[in-house]
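Contents: one structure, followed by commentary.
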Amino acid sequence: MAGVGTDIYIDGSLVDLAEVNAWPDRLDLRLEGISTLSLGRRGGSLPTLPDPLMGKPVRVDYNGTTVFAGDVYDVQADFTAEGYGNTYQARCLRNRGDQVPFQDANTLTTTANYNYPSDSEFYFASRAGLTVGEIVRDCLEMA
10 MAGVGTDIYI DGSLVDLAEV NAWPDRLDLR LEGISTLSLG RRGGSLPTLP DPLMGKPVRV
70 DYNGTTVFAG DVYDVQADFT AEGYGNTYQA RCLRNRGDQV PFQDANTLTT TANYNYPSDS
130 EFYFASRAGL TVGEIVRDCL EMA
């Protein structure tokens with residue numbers, strides 16, 4: 010039943026892990042970096058090419074609260090006594106955002122600085138006191 014325990018959605022559909030002989034192998038949450046999710050599947054066959062899970066969005070909910078969202082980014086296939094085992098790795102949405110090319114309109118670098126104090130070398134008067142929404146909008150309007 011969705012919403013109780015751990016639910017995993019791939020490409021928007023709730024996955025019955027027991028039915029596909031899969032399980033969440035590892036979830037690494039990183040506040041200052043890229044969080045990852047590993048999903049294991051044993052006793053199956055090699056993934057077809059192109060792999061039907063590669064690049065698909067994946068989400069993990071725990072008791073109805075989303076704790077991870079990202080994209081399936083990698084698969085490793087190993088042969089075991091039960092057949093092939095596939096380990097899929099997903100990276101969080103920050104990874105998707107890091108793939109978008111960005112150039113700051115003021116510094117022409119890949120880093121935009123906002124809300125620094127007036128005595129900082131990174132201070133720009135036009136970028137002081139902005140809300141998160143204003144910052145996101147400003148960044149989206151840059152090259």
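One gets this note's numbering by counting positions in the sequence shown from 1 and adding 9 to each.
Quick reminder that beta carbons are idealized off the backbone N, C-alpha and C, glycines included.
Where the alpha helix (DSSP H) containing residue i begins and where it ends
i    : result
N104 : L102 to D107
D128 : Taken as a continuous stretch (DSSP letters only), D128 belongs to no alpha helix (DSSP H), as it is neither H nor E.
CB-CB length for residue i against residue j, believed under 8 Å
i   : j    : result
G79 : L102 : 6 Å
I17 : V67  : 7 Å
Sequence-distant residues of its chain with Cβ nearer than 6 Å to residue i (five each side left out)
i   : result
T15 : Y71
heavy atom of the ligand HEM below 7 Å from residue i C-beta
i   : result
D87 : The model depicted lacks the ligand HEM and carries no ligand whatsoever.
Rounded C-alpha distance that separates residue i from residue j
i    : j    : result
M63  : V81  : 5 Å
L48  : T96  : 6 Å
R100 : V29  : 21 Å
T45  : D37  : 5 Å
A134 : N124 : 9 Å
V76  : I144 : 25 Å
N122 : A90  : 53 Å
R146 : L139 : 11 Å
E130 : G42  : 25 Å
Cutoff 7 Å; reference residue i; Cβ partners in own chain excluding five residues on either side
i    : result
P126 : Y132
I19  : L62, K65 and V67
N- and C-terminal bounds of the beta strand (DSSP E) containing residue i
i   : result
D16 : T15 to I19
Cβ shell of residue i (< 8 Å), same chain only, five flanking positions each side left out
i   : result
G21 : P66
Quick one: complete beta strand (DSSP E) runs, 3+ long, within the stretch 25–100?
-> Listed in chain order, they are 31–37, 45–53, 66–71 and 74–89.
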